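Asks: Numbering (UniProt numbering), first residue to last: 1 to 458.
Okay, here's the structure, questions in a sec.
See below:
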């Protein structure tokens, strides 16, 4: 018999008294949202909302919707409530949940393929819980894939205009979660450029795509508009063209003094991107904005089209990632991640396209973990949060461990250490596995998480 130790809860924004997240759990699960560290973030939008509320000296309200539930009942109720209110990222409602709740697992579609059954036997709940359930009305606006599948097919083309496939929309999204593409292609009647391919509801007869617009990821590539741009560019005269849809600007192209300026817009008419091209190459400052007009990324390009540096910002305006690039015959890179308080979280340096050093920091700014590989000499150090050195590795010396007073307590016989780049973790050829502490394993996970983040933002 299942234990009734679970509950379903909602996080409420005190500024509007609306739910912004629904979850299930037991014990102190609800409290974990307020103790989340940057390295543990799984839902950046929820994390930012909580930090935003706390920055205004307010406190997120926790509403325990249903108590004393079995796990299966908690899963069921969580899924129903998320469906009733709707997810913001899917333009269904205002919840910051990504998944539809319930027994969802990675690999499953985040979309609703069919309309779920939201009926529930209220007799299994106490009176107050029944009142709560009935008080939460369905306010969501949800698109079910089986409802729009008969309306059109997905046509996918490569950049040469070659048809890759034609699929019903329900089949196309069965194992894909491309949210941006879903809404663009469902709402627009013209082709969409997304991640290196062109998608359309209808066959494209007059196909044209300019490599100069590859940077306009997730934006419309209308063949007639691009043909007009191509024609104007061939005449080498200054011009300005704007592509509009339903009365709103989508793309604006300005050619002046041999420089092509491209602006793209959000549905609210705020600027999404500003980009410059000269002779088909990136030039100057490229800026990407959040929908509220705050800067999201800033990139600067050299006159030869190579990138000079880039910065990424969080929604609150603090810098989250900074990188530098140098071109003197040798490619070098510098990556720096930051905490919300603008202190370092992670630094990574590369030379000749190889990672040569990394440094990981605690939230208080103290160094936690460092790795260096210069001139075939590997050095690794691991520190306590107070700054005390715990252990280190030096080529030809081996592993050295220290006590609380900083005295050496052991030196291993191992002289070898290698960097496993595919996982971005440090591994040793040492038979004594006890030297790898739980704290170091946690640090390894930090590397993996931020390597994935870095790869996603290159």
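In this text, a Cβ means the ideal position worked out from N, Cα and C, and glycines have one as well.
Bear in mind that the values here come from a model prediction, so they are computed numbers and not experimental data.
(1) Please classify residue 476: is it buried, with 16 or more other beta-carbons within 10 angstroms of its beta-carbon, or exposed?
(2) Enumerate in chain order the residues of its own chain whose CB-to-CB distance from residue 367 is below 7 Å, with the five nearest sequence positions on each side excluded.
(3) What does a CB cutoff of less than 8 Å around residue 137 pick up in its chain, not counting 5 residues either side in sequence?
(4) Nearest to residue 109 by CA position, among 78, 145 and 128, is which residue?
(5) If you reduce the DSSP assignment to three classes, tell me which class residue 4 lands in.
(6) Short check: CB of residue 197 to CB of residue 152, under 9 Å?
(7) Taking only runs of the alpha helix (DSSP H) that begin and end inside the stretch 97-165, which ones reach a length of at least 4 residues, in chain order?
(8) According to DSSP, what are the bridge partners of residue 36?
(9) State whether the stretch 252-267 contacts the stretch 225-243, with contact taken as three or more CB pairs (one from each stretch) at a distance under 8 Å.
(10) Could you pull the start and end residues of the beta strand (DSSP E) that residue 250 belongs to?
(11) Measure the alpha-carbon distance for residue 33 versus residue 47 and round it to whole angstroms.
(12) According to DSSP, simplified to helix, strand and coil, what is residue 396?
(13) Indicate whether the contact test is met: 3 or more Cβ pairs, each with one atom in the stretch 116-130 and one in the stretch 87-97, closer than 8 Å.
(14) Just the C-alpha distance for residue 307 and residue 183, rounded to the nearest angstrom, thanks.
(15) Classify residue 230 as helix, strand or coil using the three-state DSSP reduction.
(16) Going along the chain, which unbroken runs of the beta strand (DSSP E) with 3 or more residues stay wholly within the UniProt domain "GIY-YIG" (4-95)?
(17) In this structure, does DSSP put residue 266 in helix, strand or coil?
(18) Please go through the same chain and pick out, in chain order, the residues whose beta-carbon is closer than 7 Å to the beta-carbon of residue 409, but skip the five residues on each side of it.
(19) For the beta strand (DSSP E) that residue 411 lies in, which residues bound it at each end?
(20) Count the other C-beta atoms from every protein chain shown that fall within 10 angstroms of the C-beta of residue 24, then say buried if there are 16 or more, exposed otherwise.
(21) Buried or exposed: residue 20, going by 16 or more other Cβ atoms within 10 Å of its Cβ?
(22) Using C-beta distances below 7 Å, list every residue in its chain close to residue 99, excluding the 5 sequence neighbours before and after it, in chain order.
(23) I'd like to know whether the C-beta atoms of residue 67 and residue 30 end up nearer to each other than 9 Å.
(24) Residue 121: which of 388, 381 and 76 sits nearest, CA to CA?
(25) Please classify residue 186: does DSSP put it in a helix, a strand, or coil?
(26) Does the beta carbon of residue 112 fall short of 8 Å from some heavy atom of the ligand MN?
(27) Please report the residue range of the alpha helix (DSSP H) in which residue 169 lies.
(28) Grab me the residues of residue 141's own chain with a C-beta within less than 8 Å of its C-beta, minus the 5 sequence neighbours each way, in chain order.
(29) Whole angstroms are fine: how far does the CA of residue 395 sit from the CA of residue 284?
(30) Within 10 Å of its beta-carbon, does residue 37 have 16 or more other beta-carbons around it, so buried, or fewer, so exposed?
(31) Taking residue 379 as the reference, give the member of 385, 43, 369 and 275 with the closest Cα.
(32) Taking a contact to mean a Cβ-Cβ separation below 9 Å, would you say residue 258 touches residue 235 in this structure?
(33) Considering only the beta carbon of each residue, do residue 143 and residue 154 sit closer than 9 Å?
(34) Quick one, which of 357, 262, 179 and 232 has its alpha-carbon nearest residue 89's?
(35) How is residue 181 classed by DSSP in three states: helix, strand or coil?
(36) Applying the 10 Å Cβ sphere with the 16-neighbour rule, what's the burial state of residue 225?
Replies: This is what the structure gives:
(1) Only positions 1 to 458 of the chain appear in this structure, which leaves residue 476 out of reach.
(2) 359, 361 and 383
(3) 84
(4) 145
(5) coil
(6) no
(7) 127-135 and 145-148
(8) Answer by DSSP bridge pairing: none, since residue 36 is not bridged.
(9) yes
(10) 248-256
(11) 8 Å
(12) coil
(13) no
(14) 31 Å
(15) helix
(16) 6-13, 18-25 and 61-69
(17) coil
(18) 401, 402 and 403
(19) 408-411
(20) buried
(21) buried
(22) 110
(23) no
(24) 76
(25) helix
(26) As for the ligand MN, it is missing from this structure, which has no ligand bound.
(27) 169-172
(28) 86, 91, 92 and 93
(29) 43 Å
(30) exposed
(31) 369
(32) no
(33) no
(34) 179
(35) helix
(36) buried
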